[in-house]
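Engineer: Take the sequence shown: its letter number 223 is residue 326 in the numbering used here, and every next letter is one higher. In this text, a Cβ means the ideal position worked out from N, Cα and C, and glycines have one as well. Here the structure is a predicted model, which is why all the values come from computation and not from measurement. Pasting in a structure now, in structure tokens, and then I'll have a few things to ask.
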Amino acid sequence: MSGMRRALSVLKTTTVLSLSAVSIGGMLSLLPLPAMSQATFTAVEVEGNQRIAAATVRTIAGIPTGSTVTPGQINRALQNLYDSGFFERVEIMPAGNTLKIVVIENPTINRISIEGNRRLDDEQLLPILGSQPRRTFSVSQTEADVRAIVEAYASSGRIAAEVQPLIIRRADNRIDLVFEVLEGRVTEVDNVSFIGNSEFSDSRLRRIVETRQARGAFSGLFANDTFIEDRLAFDAQQLREFYINRGYLDFQVVSSSAELSRERNTFLVTYRVIEGQRFRFGGVTVTSELEDVDVDTFISKVTLKEGQFYDPRQIDNDLARLDDEADLQGLAFVRAEPRFTRDDDNLTLSVEYELIRGPRAFVERIDIEGNSTTLDRVIRRQFDTVEGDVLNQRQIREASDRIRALGYFSSVDVQSREGTSPEQQVIDVDVEEQATGSLTFGASFNSSNGAAFNLSIVERNFLGRGQTLGASFSTATNNRNLSINFVEPSLFDRDLGFSFNLGYFEATPGFLPLDQNTLTFNPSVVFPVSENGSIRIGYKFEDMEVLAEDEDDDDAEEISDFLTADIGSYSTSSIILTYTVDLRNSRVEPTAGSILQVTQEFAGLGGSQQFSKTTASFRTFRSFFNDQLVFSAEIEGGFLEPFGDTNVPVFDRFNLGGDSFRGFQDFGIGPRDMNEDPLGGLKYAVARFEASFPLGLPEELGIFGGVFLDVGTVWDLDPSTVSEDLNGDMMTEAPIDDGSDLRAAAGVSIFWETAIGPLRFNFSRALESQPEDETEDFRFTVDARF
């Protein structure tokens, strides 16, 4: 076996060898000129070559004919031939006045296969290999391919993976190249710790970083508890943003390290940080030396206030507002630049927004590369800037952030460069596509309605147009739901979103002796009306059939006249308007800010139903003790006004209970008939208060606590909706109590982040209730995606 083959036979992922050096070292011993000092050759002959021309071999060797040749030149010729990567074996020997170069060419790769890979399939590994079928085999390239496979496994958390390259000889100097993979176990993170933090606890910071600790019996089910080295740099950036956004100007991540545990089966991750002091904003001013700029008109656009904790996001917001004002006033090339004055004694940072005239530069064009699937216009519409506009670097940075936020690309690089002249700038956008489709299986459970299962398929970049198309199906003990959704985020390439939903819903609720079958079609458009506000205009067509319970069911009860009046078919054609103002600091885990939403529905554009339905909610968030305690308060209410003889069935009336009013069962509050079946109401109001906090348990358990208080009621049942039965006869039952007596419930919650999803346990007690209400002392829910 040659030196190269011996090297390949022992190549492992844990030891990187210089295979070409090993091969050359073995072949130099074949040099047959041990006693020759120099010689002159009139010819150089090449033997053994099949694909490579003799002239090419002589050129690579670099030995001149008719000149004196030294042993050093022979050795260099030998090394040149090996370095070319074309030859498996080379011998150089004299034969009188002729110098013979005998070569054995490297074989041609016939086929490449990967064996033993289960976690990463061939479609993921083959594209990262440099070796290709029908190309010449190269030892150095094979070594690089081994490293690429190892790195791919390391990125998925399997740092112990090993790869053995093997050669299978075929006829005509061809080989099959086989990479045998021993995947090894996933290497998990046993502990994530921080050194140098005093303002924020380890448990709080663990919620910031992407790397998670393995959670006992659930370890391996979370992707984030698998060790991936590249994630450490991302975590460091997340920590920096977290601290900087809270006023810690001098925060640093000194180091982020990962060490194998003593058992060498898990990693211990440590972040060493310097928090520094917390700064507030000092004075805030707007200045300019430009004659055509009226500073007073810009001051009102500044939202930053003295005394607030430093937050660079507020500065970015002000800069955008000032730039927009300059554009509105037609002040070409005038831009705001922040100047800072730091006061370490008082821990303040004063801000001066200086309006200056920037360099005269225009956008010549926007070049986009790397988008093999996504259409250019999907990327281009993320820019507020178009060709011919004044160049604004802040807008370019914001566009880059928006492109990343799309989630269509694994990497995004946006740079500007000089175009046809110094005043013309070209914006280069270089992206790398990633998968945007998903197939999701899910499960959910709550103690009232039992288990539910769902299946959904979603493509977030349909046909590369930036559209979302999805379908979902769910089934539970008491209901089934099928829906198809479509979202166009930029209709006509404008800041106008369009969506529609087509759904079918069947329900047999256990708290009512009625069944419901509903078909819904709901298109809508949404557009911004302010910096944080938007309006959604939608149309809804709903065809609903309300049925009596199956009479063959042994548990079926006699239906009261009140609910008998609801049995029948209903068609609703309505316009829905929704106004939203979202000022939360995060849509996922808000700790500050508020959200207001008002919805108005008018039914009567055809169909059998005619009514007006109004709902409104306002929720605010506030945190204390460095986000350890998060408090939220919400007020919500609504009223429904039927027109004419319209009968609004129980499923369309308001109800409270379950998750909407803790401490009571679904439909547990409000008017009831003689059988104590819920009837719902035409008006409702509820206030919810909640606080969440850590319990001091180990962070890896993912357990937090909370307390809550809900106060509210459902009332008012229009007599016209229950005054007649199916035959049109007046009902003789006793009138129902549809008063507005307040209900209240309080309780404690346990939140548990588990591998099967976030679990919530509510232990509640009704503080105020009516005799007919259905209370609930305990409820537990889980929602999982896997």
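#1: Please classify Leu743 as buried or exposed, where buried requires at least 16 neighbouring CB atoms within 10 angstroms.
#2: Does the contact criterion of 3 or more C-beta pairs under 8 Å hold for the stretch 145-154 versus the stretch 203-218?
#3: So, at 7 Å on beta carbons, what are the nonlocal neighbours of Glu871 in its own chain, with the 5 sequence-adjacent residues on each side left out?
#4: Is the number of C-beta pairs between the stretch 636-647 and the stretch 787-806 that are closer than 8 Å three or more?
#5: Whole angstroms are fine: how far does the CA of Arg725 sit from the CA of Val312?
#6: Relative to the alpha-carbon of Gln570, which residue among Phe589, Glu634, Arg500 has its alpha-carbon at the smallest distance?
#7: Name the DSSP bridge partner or partners of Ser514?
#8: What residues match up with Ile853 in a beta bridge as DSSP calls it?
#9: Is it true that the CB of Ile506 sits closer than 8 Å to the CB of Ser519?
#10: Among the candidates Asp598, Thr314, Ser711, whose CA atom is the shortest distance from the CA of Tyr673?
#11: Pick helix, strand or coil for Ala869, following the three-state DSSP scheme.
#12: Between Val817 and Gly784, which are expected to be in contact by the criterion C-beta below 8 Å, what is the C-beta distance as a whole number of angstroms?
#13: Quick one: is Asp880 buried, meaning 16 or more other Cβ sit within 10 Å of its Cβ, or exposed?
#14: Going along the chain, which residues of its own chain have a beta-carbon closer than 6 Å to the beta-carbon of Glu854, five neighbours each way excluded?
#15: With a threshold of 16 other CB atoms inside 10 Å of the CB of Pro167, please say whether the residue is buried or exposed.
#16: Nearest to Leu890 by alpha carbon, out of Ile252, Ala198, Pro752, Phe345?
#17: Using DSSP with H/G/I as helix, E/B as strand and the rest coil, what is Phe486?
#18: Can the beta-carbon of Glu332 be found closer than 8 Å to that of Ala257?
#19: Roughly how many whole angstroms lie between the Cα atoms of Leu393 and Gly386?
#20: Counting Cβ pairs closer than 8 Å, one from the stretch 374-383 and one from the stretch 349-363, do we hit at least three?
#21: On the CB-based measure, 16 or more other CB atoms within 10 Å of its CB, does Asn865 come out buried or exposed?
#22: Under the DSSP definition of a beta bridge, which residues are partnered with Glu737?
#23: Out of curiosity, what's the CA-to-CA distance linking Phe325 and Arg315?
#24: Is the CB-CB distance between Ile271 and Phe240 below 8 Å?
#25: Once the 5 residues before and after Val389 are set aside, which same chain residues still bring their CB inside 6 Å of it?
#26: In angstroms, rounded to a whole number, what distance separates the CA positions of Tyr413 and Tyr346?
#27: Quickly, what does DSSP pair Met647 with across the bridge? List them, please.
#28: Could you tell me if Ala336 is buried or exposed, where buried requires 16 or more neighbouring beta carbons within 10 angstroms of its beta carbon?
#29: With respect to the beta strand (DSSP E) encompassing Gly600, which residues constitute its N-terminal and C-terminal limits?
#30: Look up Pro616 in the DSSP assignment and say whether it is helix, strand or coil.
#31: Roughly how far, in whole angstroms, is the beta-carbon of Ala790 from the beta-carbon of Val810, given that I think they are within contact range, below 8 Å?
#32: Do Asp293 and Thr369 come within 8 Å of each other at the CB atom, strictly closer than that value?
#33: So Ser676 and Ala706 are supposed to be a Cβ contact under 8 Å. How far apart are they, rounded?
#34: Drop a sphere of 10 angstroms on the beta-carbon of Val691, count the other beta-carbons inside from all chains shown, and report buried for 16 or more, exposed for fewer.
#35: What are the start and end residues of the alpha helix (DSSP H) that includes Ala146?
#36: Less than 6 Å between C-beta atoms, sequence neighbours within five positions excluded: which residues of the same chain meet that for Gln355?
Structural biologist: In brief:
#1: buried
#2: yes
#3: Leu845, Arg846, Ala847
#4: no
#5: 22 Å
#6: Phe589
#7: Glu535
#8: Gly808, Phe864
#9: no
#10: Ser711
#11: strand
#12: 4 Å
#13: exposed
#14: This sequence places Phe at residue 854; Glu is not what is there. If we look at Phe854 and ignore the five residues flanking it on each side, its Cβ neighbours are Phe807, Arg863.
#15: exposed
#16: Because residue 890 is not part of the residues shown, which for the chain are 104 to 889, the question remains open.
#17: coil
#18: yes
#19: 22 Å
#20: yes
#21: buried
#22: Arg722, Arg791
#23: Caution is warranted here: a pLDDT of 46 is assigned to Phe325, below 50, making its placement in the model unreliable, and the coordinate value is therefore given only provisionally. The straight-line gap from Cα to Cα measures roughly 8 Å.
#24: no
#25: Val398, Phe401, Ile402, Tyr456
#26: 10 Å
#27: Thr621, Tyr673
#28: exposed
#29: 600-610
#30: coil
#31: Rounded, the Cβ-Cβ distance is 15 Å, inconsistent with contact.
#32: yes
#33: 7 Å
#34: exposed
#35: Counting along the chain, Ala146 falls outside any alpha helix (DSSP H), though it belongs to the beta strand (DSSP E) covering 146-150.
#36: Ile377
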